[in-house]
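2 protein chains.
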Amino acid sequence: MVTLKQISQICGLSVSTVSKAMNGQPDVNPATAERIRQVARDLGYRPNAAARSLKTKRSYLIGVLFADQINHEYFANVLNSIRNTATDLGYDIMFISDRVGSSKMSFYSHSAYRNCDGVIIMEARFEDPDVVELAASDLPIVVLDHVFSGCVSVMTDNVESMVEIIHFVVSRGHRKIAFIHGQENGFITQKRIAGFYKGCMELGIRTPEEYIVSGKYHDPEASAEATEMLLSLPEPPTCIIYPDDYSYLGGLRIFEKHGLSVPDDISAVGFDGINLSIHLRPQLATYRQDAHMIGKQAVIKLIEQIEGPMKKHEEQVIVKGSLQPGNSVRRIG
Amino acid sequence: MVTLKQISQICGLSVSTVSKAMNGQPDVNPATAERIRQVARDLGYRPNAAARSLKTKRSYLIGVLFADQINHEYFANVLNSIRNTATDLGYDIMFISDRVGSSKMSFYSHSAYRNCDGVIIMEARFEDPDVVELAASDLPIVVLDHVFSGCVSVMTDNVESMVEIIHFVVSRGHRKIAFIHGQENGFITQKRIAGFYKGCMELGIRTPEEYIVSGKYHDPEASAEATEMLLSLPEPPTCIIYPDDYSYLGGLRIFEKHGLSVPDDISAVGFDGINLSIHLRPQLATYRQDAHMIGKQAVIKLIEQIEGPMKKHEEQVIVKGSLQPGNSVRRIG
DNA sequence: TAATATTACGAAAACGATTTCGGACACGGA
DNA sequence: TCCGTGTCCGAAATCGTTTTCGTAATATTA
């Protein structure tokens with residue numbers, strides 16, 4: 003491993019000067035600096051992150067908290083965007099877990115242990131005390147799909163997106179619209195349910211209780227069950243809105259079992275706008291979340307807190323998505 | 003930040019002793035050690051990874067090389083397993099990129115800069131000189147889905163898995179079997195093509211050239227094109243094997259366009275065994291790669307090289323998958 | 001009892017970088 | 001000539017650990 007010391011010896015200079023040259027400090031003769039850098043290149047020098055981090059208290063590491071849904075295409079896309087943006091800005095990312103080996107370690111401890119400059123909470127059990135501790139800590143934080151007081155959060159406009167969906171479905175002539183939503187206690191679920199009601203209200207649609215049923219995100223099984231239930235209603239809906247694109251597959255299965263085809267016999271809408279929705283036939287109507295922008299904003303807002311003048315603060319960043327009409331909502335009436 | 007020094011002052015002991023107590027070294031009185039640990043707990047002490055890594059040359063950090071397919075469910079599952087296993091064994095994982103900020107940095111340099119103890123090459127352009135450099139370096143490496151001389155690699159048995167698929171399809175009475183394969187130059191593609199031929203040979207099936215066409219992994223568009231071509235043949239196949247489950251969606255689209263339904267009019271097989279294949283109707287016949295075991299083995303084999311007596315070496319670990327019959331292959335004849 | 005072994009602890013160096021502060025020197029203006 | 005100013009460089013401290021080696025006190029053995 004090549005160190006500054008070796009370079010300094012070869013150049014006949016002090017370590018201080020070499021360090022300054024490598025960091026582009028002004029108080030070193032340009033000619034000298036160039037000579038130093040040349041030697042450094044020749045020797046294949048690269049700084050040691052640990053030493054640098056130890057001294058400067060900056061690791062250029064962003065922690066990412068990811069409970070499990072890593073196989074969710076939407077989250078994968080966000081993660082990818084986070085990674086790319088972080089790299090662009092000179093940061094690396096690592097996963098934060100709540101243990102190391104067999105011993106428990108809080109998320110915050112873990113982040114501190116690794117000297118993370120900040121943490122992005124992507125997907126987690128937000129009521130977990132460890133997550134709360136992390137959010138409330140002095141570490142710069144950005145949360146996705148949730149709001150913690152004192153933290154920056156980034157998400158799609160979950161109310162308006164649902165309103166848009168309702169407007170779209172109603173514009174196609176539907177009046178009997180059902181909504182299978184994700185986990186009841188979820189922050190974004192609440193928003194979307196609110197959006198559903200708001201859309202109905204704006205358009206004067208009266209929706210019976212039975213049309214709003216509980217499902218789960220990213221879980222076709224749960225959607226299948228809910229769909230079965232909806233279809234068994236004395237007056238079944240003409241259109242069903244699913245928690246997300248992926249879980250729509252569960253509904254699709256039930257439609258086929260009942261000999262119903264989309265969109266002729268039943269209409270459906272998803273959420274997320276993952277590629278799957280495009281490759282299905284008919285293409286699924288959905289609300290496309292801008293995963294790329296969400297990931298990018300998350301990193302930018304985090305680094306803003308790390309490097310910028312305004313430290314940790316509360317802010318809500320809304321990233322606009324877009325309705326994808328697809329071909330799964332029939333025009334009726 | 004609580005340091006060993008602070009603890010040592012409170013306990014009236016030296017930093018050395020405190021350090022040794024925290025690390026369970028034998029040359030410290032058990033009672034003293036317990037007292038030290040108690041104080042450490044009370045103060046909320048946690049070691050500083052940077053300082054430790056600087057001194058010990060061990061970071062307990064595993065680098066993961068991931069070019070882009072992060073939204074591929076199979077890779078996501080492998081990554082998840084890697085993460086969990088690494089955490090179990092006391093390691094954290096971080097992504098390795100080939101630049102930092104705007105300046106280019108080879109994968110190897112990046113890994114060295116971050117003091118990674120080892121790197122898992124999950125998905126990459128294997129012919130990239132930077133990837134080759136990394137593989138050939140002194141760093142412990144585990145490669146997935148590829149073989150580099152001198153490195154451990156972990157993968158499914160791509161030959162036998164295809165043979166199994168052929169046997170299965172033939173046992174259902176098919177003789178006209180087409181194979182849309184992934185990128186020609188790929189290592190695993192070659193294996194699978196070999197497996198295809200081997201299976202046909204064993205069963206005395208003669209497959210015309212036109213039945214073997216080039217597609218792409220995880221790309222429904224490419225599969226759609228290839229499917230269109232196959233269906234236009236004077237004598238179209240009765241069963242098509244796709245590069246993977248996801249790209250099967252492209253074929254499905256073409257089937258529907260032609261008014262063909264699976265499996266009555268045409269049979270199909272995927273690869274990977276991702277959840278999607280289960281949620282489709284009919285369920286897709288596929289070969290399920292054991293993503294969990296592959297990720298687990300990758301980490302175990304890597305740590306073996308890092309900590310164990312046998313350093314970097316060449317080895318090929320084959321993880322067995324399993325054929326999932328699904329309902330997409332019709333019984334004929 | 002004397003010699004030796006063991007136990008428990010500390011001093012200090014080291015890991016590789018950054019940063020503060022001061023000094024040497026050259027230069028310009030008065 | 002003298003002084004102030006600016007440029008360029010180095011000494012040394014420091015970040016938080018680990019680890020080697022030495023030593024004093026105690027225990028064991030002959």
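These protein sequence lines are chains X and D, in that order.
Per this note's numbering: the first sequence = residues 3 to 335.
Per this note's numbering: the second sequence = residues 3 to 335.
Yeah, the Cβ is synthetic: ideal placement off N, Cα and C, and Gly gets one too.
With 7 Å set as the bound, which would you pick, yes or no: does the beta-carbon of D/Asn-82 sit closer than that to a beta-carbon of chain X? Using a Cβ-Cβ cut-off of 7 Å, D/Asn-82 counts as an interface residue toward chain X, since at least one Cβ of chain X sits closer than that to its own.
Closest residue to D/Leu-141 among D/His-112, D/His-169, D/Asp-130 and D/Phe-128 (Cα-Cα distance): Comparing Cα positions, the closest option is D/His-112.
What residues of chain X sit near D/Ile-95, judged by a beta carbon separation below 7 Å? Ordered by position in chain X, the residues that pass the 7 Å Cβ test against D/Ile-95 are Met-96 and Phe-97.
So, at 7 Å on beta carbons, what are the nonlocal neighbours of X/Ile-9 in its own chain, with the 5 sequence-adjacent residues on each side left out? Cβ neighbours of X/Ile-9 beyond the five flanking positions: Val-20, Ile-38, Val-41, Ala-42, Leu-45 and Tyr-47.
Quick one: what does DSSP say D/Leu-146 is sitting in, helix, strand or coil? Looking at D/Leu-146 - three-state DSSP - the assignment turns out to be strand.
Could you tell me whether the segment 221–238 of chain X touches the segment 59–75 of chain X, using the rule of 3 or more Cβ pairs below 8 Å? By the criterion of at least three beta-carbon pairs nearer than 8 Å, the segment 221–238 of chain X is not in contact with the segment 59–75 of chain X.
Where do the ends of the beta strand (DSSP E) carrying D/His-176 lie? No residue range can be given for D/His-176, since it is assigned to no beta strand (DSSP E) and is classified by DSSP as neither H nor E.
What runs of the alpha helix (DSSP H), each 4 residues or longer, lie entirely inside the segment 78–132 of chain X? If one requires a minimum length of 4 residues, the alpha helix (DSSP H) runs lying completely within the segment 78–132 of chain X are 109–115, in chain order.
Taking any Cβ of chain D, which residues in the segment 104–138 of chain X have a Cβ under 7 Å from it, in chain order? Listed in chain order, the positions of the segment 104–138 of chain X with a beta carbon within less than 7 Å of a beta carbon of chain D are Ser-111, Ala-114, Tyr-115, Arg-116 and Asn-117.
Buried or exposed for X/Ile-334, going by 16 or more other Cβ atoms inside 10 Å? Its Cβ having fewer than 16 others within 10 Å, X/Ile-334 is exposed.
Rounded to whole angstroms, what's the CA-CA distance from X/Ser-18 to D/Phe-97? Just pull it up for me. Roughly 32 Å separates the two Cα atoms.
Thinking just about the alpha-carbon of each residue, which of D/Lys-7, D/Val-102 and D/Thr-34 is nearest to the one in X/Pro-49? Nearest C-alpha to X/Pro-49: D/Val-102.
Count the other CB atoms, across all protein chains shown, that sit within 10 Å of the CB of D/Thr-58; report buried if there are 16 or more and exposed otherwise. With fewer than 16 other Cβ atoms within 10 Å, it is exposed.
In the DSSP assignment, find the alpha helix (DSSP H) that holds X/Gly-197 and state where it starts and stops. Boundaries of the alpha helix (DSSP H) harbouring X/Gly-197: 189–204, taken from the DSSP string.
From what residue to what residue does the beta strand (DSSP E) around X/Gly-65 run? It spans 63–68 - the beta strand (DSSP E) in which X/Gly-65 sits, taken as one unbroken run.
Strand pairing of D/Glu-317, partner residues [DSSP]: Beta bridge pairing from DSSP links D/Glu-317 with D/Val-154.
Give a yes or no on whether 7 Å exceeds the smallest Cβ distance from D/His-281 to chain X. At least one chain X Cβ lies under 7 Å of D/His-281.
Unbroken beta strand (DSSP E) run spanning X/Tyr-289, endpoints: First-last of the beta strand (DSSP E) with X/Tyr-289: 288–290.
Check the Cβ-Cβ distances between X/Thr-89 and every residue of chain D, and say whether any is below 7 Å. X/Thr-89 belongs to the set of residues whose beta carbon lies under 7 Å from a beta carbon in chain D.
Quick one: any contact between the segment 136–151 of chain D and the segment 195–211 of chain D, if contact means 3 or more CB pairs under 8 Å? Contact between the segment 136–151 of chain D and the segment 195–211 of chain D is absent: fewer than three C-beta pairs spanning the two stretches fall below 8 Å.
Report yes if the C-beta distance between D/Asp-246 and D/Phe-273 is below 7 Å; otherwise report no. With a cutoff of 7 Å on beta-carbon distance, D/Asp-246 and D/Phe-273 are scored as near each other.
How far does the beta strand (DSSP E) with D/Gln-326 in it extend, from its first residue to its last? Unbroken beta strand (DSSP E) run through D/Gln-326: 324–326.
Thinking X/Phe-189 and X/Phe-128 are a contact (beta carbons under 8 Å), I'd like their distance in whole angstroms, please. Between X/Phe-189 and X/Phe-128 a beta carbon distance of about 7 Å is seen, short of the 8 Å cut, so the two are scored as contacting.
Rounded to whole angstroms, how far is the Cβ of X/Val-301 from the Cβ of X/Thr-34, which I believe are closer than 8 Å? Going by Cβ atoms, the distance from X/Val-301 to X/Thr-34 rounds to 37 Å, so no, they are not a contact pair.
Comparing alpha-carbon positions, which option in X/Gln-318, X/Arg-332, X/Lys-322 and X/Gln-307 lies nearest X/Gly-120? Nearest C-alpha to X/Gly-120: X/Gln-307.
Check whether the segment 177–189 of chain X and the segment 210–217 of chain X are in contact - that is, three or more C-beta pairs closer than 8 Å. Two segments are said to touch when three or more pairs of C-beta atoms, one from each, lie closer than 8 Å; by this definition the segment 177–189 of chain X touches the segment 210–217 of chain X.
Alpha carbon to alpha carbon, how far is D/Val-331 from X/Cys-241? Give it in angstroms, no decimals. So the two alpha carbons sit approximately 32 Å from each other.
Cβ-Cβ separation, X/Val-156 to X/Gln-299 (assumed contact under 8 Å), whole Å: Confirmed, about 5 Å.
Per the contact definition of three or more C-beta pairs closer than 8 Å, is the segment 166–177 of chain X in contact with the segment 308–327 of chain X? These segments touch.
Sequence-distant residues of its chain with Cβ nearer than 6 Å to D/Lys-7 (five each side left out): Excluding five sequence positions before and after D/Lys-7, the CB atoms of its chain that fall closer than 6 Å to its own CB belong to Val-17, given in chain order.
So, for X/Pro-265: in the same chain, excluding its five sequence neighbours on each side, which residues have a beta-carbon less than 8 Å away from its beta-carbon? So the qualifying residues of the chain are Pro-284, Asn-329, Ser-330, Val-331 and Arg-332.
Distance, Cα to Cα, X/Glu-237 vs D/Leu-262? Approximately 33 Å, taken between the alpha carbons.
From the beta carbon of D/Ala-52, is the nearest beta carbon of chain X less than 7 Å away? Using a CB distance cut-off of 7 Å, D/Ala-52 counts as an interface residue toward chain X.
Does DSSP classify X/Phe-181 as helix, strand or coil? In this structure, DSSP gives X/Phe-181 an extended state, which the three-state scheme calls strand.
Taking the alpha carbon of X/Ala-69 as the reference point, which residue from X/Ala-23, X/Val-133, X/Arg-54 and X/Lys-22 has its own alpha carbon closest? Scanning X/Ala-23, X/Val-133, X/Arg-54 and X/Lys-22 for the CA closest to the CA of X/Ala-69 turns up X/Val-133.
Which of the residues in the segment 16–42 of chain X, read from start to end, lie with their CB under 9 Å from any CB of chain D? Flagged: no residues at all.
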